[in-house]
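Trainee: Let me give you the structure first, and then I'll get to my questions.
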Amino acid sequence: MVYPRFFTVTMKRTCLFQRRDLIVMATKWSKRNSLGIILFLVVGLTNLVRAQNGLGKVDSILHGYLNKGEFMGTVLVARNDSILLKKGYGYSDIDKGIPNDLNTKFPIGSLTKSFVACAIMQQVETGKLDLSTRIGNYIPELEKEIGNLTLHYLLKNSSGLPVHLNRITDLQYRDISSQELLDIINRASLSMKPGSGYSYSNLNYQLASLILERVTGISYENYMSENVFRKLDMNNTGIEKTRSIPSGRATGYINDDHYEAADRNYMGYAKGSGDMYSTVGDLYFWDRALYKNTFLTKESIELMFDGNPDAFGGYGYGFKVKEYKRNSCTKPTGKLVRHGGSMYGFVCNVHRYLDDNLTIIILGNIRPFPIMQITTEIEKSLLGT
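If you count the sequence shown from 1, position 40 lands on 40 in UniProt numbering, and the numbers rise without skipping.
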């Protein structure tokens, strides 16, 4: 077909205009995306530099307390599936000159409660336990007042049970049996109406560990080993006994003008409430499993972290819950779930800043130890608050 001349010229001009428009558009796209890429790189490098500076500051903070004799231990800091800092400070055994390192084991005290809460939630998921059923259904020989409590009251520390066993017994300090522990708890009296307030108590979690034994038919120690530690590859974590100290466990110290070994911790009285030991690496495995819902269901974890900061001491199930300040205009506060532990010569802290996927794990073997102050300083250096 033969086209008129004016049509051919028009087509050529149109093609030229389209080509020119495409070139202009491509140039604009290239400039715009180049700016975007540059901005992305600048922000990324800025965050990297800020993170490196923050980590340098964290190390400086820890060395500062170490030099003052207020800190010895091991620390792990992680964010977004990456370990930023993992390091030992001071000595595991001063007399033998053994330094704290990443394999050093530490008693974790009341952080044990967080693990027992996880174990209880495992059995809730199987249907063997119910959070609102009276616990006398699981242990029929409990006195009526105690038997009418629920696991919800125990895990929330709102049962009214006494704080420590030594308030209700003069039994010689030693490793005691589950039956002896139950007999002691059965003599306790409640200090308040269950659910009416918050009253932190080791007995709540000791009783929870006994319930765990009843419904599973195996010892608390074996249950935790097989169903918690082994599943999470926590090969350096276990239950400590009064007369049996695990190999590689740090010595606890008191610094009162000079270092001296701390008194013995009697672990029989700490069953389910403070008798575990661990390493920073193992605690990190546990932390990741909680973030990824690979250990418990999302629903169980949400229940555990469901603590109102203004009620019941901000206690969920095995975790303390509070708000923290964030360096963000869109969301200035975030959710912090944490627990600590302290014993003669030992102290620990695990802080999980959920909205920033930041975890700080500190295990120490000296007292006094301003662990909350140290944790807060690390938090501020990393979050820029």
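Heads up, the beta-carbon is just placed ideally off N, CA and C, and yes, glycines get one too. Since we're looking at a predicted model, the values are computed, not measured.
Among Lys57, Gly56, Leu55, Tyr65, which has the Cα closest to the Cα of glutamine 373?
Mentor: For glutamine 373, the nearest C-alpha among the options comes from Tyr65.
Trainee: Would the beta-carbon of lysine 231 fall within 8 Å of that of phenylalanine 295?
Mentor: Cβ distance < 8 Å, so lysine 231 and phenylalanine 295 count as in contact.
Trainee: Report the start-end ranges of each alpha helix (DSSP H) in the region 250–329 that is 4 residues or longer and not cut off at the edges.
Mentor: You should have 280–292, 298–304.
Trainee: Below 7 Å CB to CB, which residues in the same chain sit around alanine 289 once its five sequence neighbours on both sides are set aside?
Mentor: Taken in chain order, the residues that qualify are Leu232, Phe295.
Trainee: Is lysine 193 helix, strand or coil when you go by DSSP?
Mentor: Lysine 193 falls in the coil class under three-state DSSP.
Trainee: Can you check DSSP and say which residues form a bridge with arginine 79?
Mentor: Arginine 79 is bridged to Ser82, Leu358.
Trainee: Can you give the Cα-Cα distance for glutamate 125 and asparagine 227, rounded to whole angstroms?
Mentor: One C-alpha to the other measures close to 13 Å.
Trainee: Using the three-state DSSP reduction, which class does isoleucine 146 fall into: helix, strand or coil?
Mentor: Note: isoleucine 146 maps to helix in three-state DSSP.
Trainee: So what does DSSP say about aspartate 93, is it helix, strand or coil?
Mentor: DSSP places aspartate 93 in strand when its eight states are reduced to three.
Trainee: Return yes when the Cβ of methionine 192 is within less than 8 Å of the Cβ of aspartate 237, no when it is not.
Mentor: Sequence inspection shows threonine at residue 237; the aspartate mentioned does not correspond to that position. Going by C-beta atoms, threonine 237 is not nearer than 8 Å to methionine 192.
Trainee: Below 8 Å, can you find three or more Cβ-Cβ pairs linking the region 206–226 to the region 263–275?
Mentor: They touch, by the three-pair rule.
Trainee: Please work out which residues of its chain come closer than 6 Å, Cβ to Cβ, to glutamate 221, disregarding the five sequence neighbours upstream and downstream, and give them in chain order.
Mentor: So the qualifying residues of the chain are Ile239.
Trainee: Does the region 149–156 come close enough to the region 120–140 to have 3 or more Cβ pairs within less than 8 Å?
Mentor: Touching, per the Cβ criterion.
Trainee: Give the C-beta separation of glutamate 143 and asparagine 186 to the nearest angstrom, bearing in mind that I take them to be a contact with Cβ-Cβ under 8 Å.
Mentor: Confirmed, about 5 Å.
Trainee: Name the residue from Gly197, Gln123, Asn265, Gly248 whose alpha carbon lies nearest to the alpha carbon of leucine 102.
Mentor: Answer by Cα proximity: Gly248.
Trainee: Mind checking whether tyrosine 353 and glycine 384 have CB atoms under 8 Å apart?
Mentor: No, the Cβ-Cβ distance between tyrosine 353 and glycine 384 is not below 8 Å.
Trainee: Going straight from the alpha carbon of lysine 292 to that of tyrosine 317, what length do you get?
Mentor: Whole-angstrom Cα-Cα distance: 18 Å.
Trainee: Sort Ser158, Ser201, Gly127, Glu70 by Cα distance to glycine 90 and report the nearest one.
Mentor: Per the Cα distances, Glu70.
Trainee: DSSP three-state label for lysine 113, please.
Mentor: Three-state result, lysine 113: helix.
Trainee: Considering only C-alpha positions, which residue in the set Lys322, Glu180, Ile146 is nearest to serine 189?
Mentor: Of the candidates Lys322, Glu180, Ile146, the one whose C-alpha sits nearest the C-alpha of serine 189 is Ile146.
Trainee: When burial is assigned at 16 or more other CB atoms within 10 Å of the CB, is asparagine 365 buried or exposed?
Mentor: Buried, by the Cβ-count rule.
Trainee: Return the CA-CA distance between isoleucine 211 and isoleucine 139, expressed in angstroms with no decimal places.
Mentor: Isoleucine 211 and isoleucine 139: Cα-Cα distance of roughly 7 Å.
Trainee: Look at the alpha carbon of threonine 242 and the alpha carbon of glycine 252, and state the distance between them as a whole number of angstroms.
Mentor: Threonine 242 and glycine 252: Cα-Cα distance of roughly 14 Å.
Trainee: Leaving aside the five residues before and after valine 116 along the sequence, list all residues of the same chain whose C-beta is less than 7 Å from its C-beta, in chain order.
Mentor: Around valine 116: Tyr205, Ala208, Ser209, Gly272, Gly318.
Trainee: Does the beta-carbon of cysteine 329 have 16 or more other beta-carbons within 10 angstroms, so that it is buried, or is it exposed?
Mentor: So cysteine 329 counts as exposed.
Trainee: Short of 7 Å in beta carbon distance, which residues of its chain neighbour histidine 164, apart from the five on each side in sequence? Order them along the chain.
Mentor: Excluding residues within five positions, the ones whose Cβ falls inside 7 Å are Asn202.
Trainee: Here's the rule I'm using: 16 or more other beta-carbon atoms within 10 Å means buried, otherwise exposed. How should leucine 45 be labelled?
Mentor: With a pLDDT of only 48 at leucine 45, under the threshold of 50, the placement of this residue in the model should not be trusted, and no figure is reported.
Trainee: Please classify glycine 73: does DSSP put it in a helix, a strand, or coil?
Mentor: Reduced to three states, the DSSP call for glycine 73 is strand.
Trainee: Taking 8 Å as the limit between beta carbons, can you name the residues of its chain near aspartate 356, skipping five residues before and five after?
Mentor: These residues qualify, in order along the chain: Arg79, Arg326, Gly334, Leu383.
Trainee: Can you tell me whether DSSP reads histidine 152 as helix, strand or coil?
Mentor: DSSP places histidine 152 in helix when its eight states are reduced to three.
Trainee: Which residues in the same chain have their Cβ closer than 6 Å to the Cβ of phenylalanine 285, if we skip the five residues on either side of it in sequence?
Mentor: Excluding residues within five positions, the ones whose Cβ falls inside 6 Å are Leu232, Asp233, Met234.
Trainee: Using only alpha-carbon positions, find the residue among Gly195, His351, Asp257 that is nearest to leucine 76.
Mentor: Checking every option, the nearest Cα to that of leucine 76 belongs to His351.
Trainee: DSSP on glycine 64, reduced to helix/strand/coil?
Mentor: The answer is helix: DSSP assigns glycine 64 an H, G or I state.
Trainee: Would DSSP call glycine 136 helix, strand or coil?
Mentor: Here glycine 136 sits in helix by DSSP.
Trainee: Keeping to the same chain, check which residues put their C-beta closer than 7 Å to that of tryptophan 29; ignore five residues upstream and five downstream.
Mentor: In this prediction, tryptophan 29 has a pLDDT of 49, which is less than 50 and means its spatial position is unreliable; what the coordinates show is noted afterwards. So the list is empty, once near-sequence residues are dropped.
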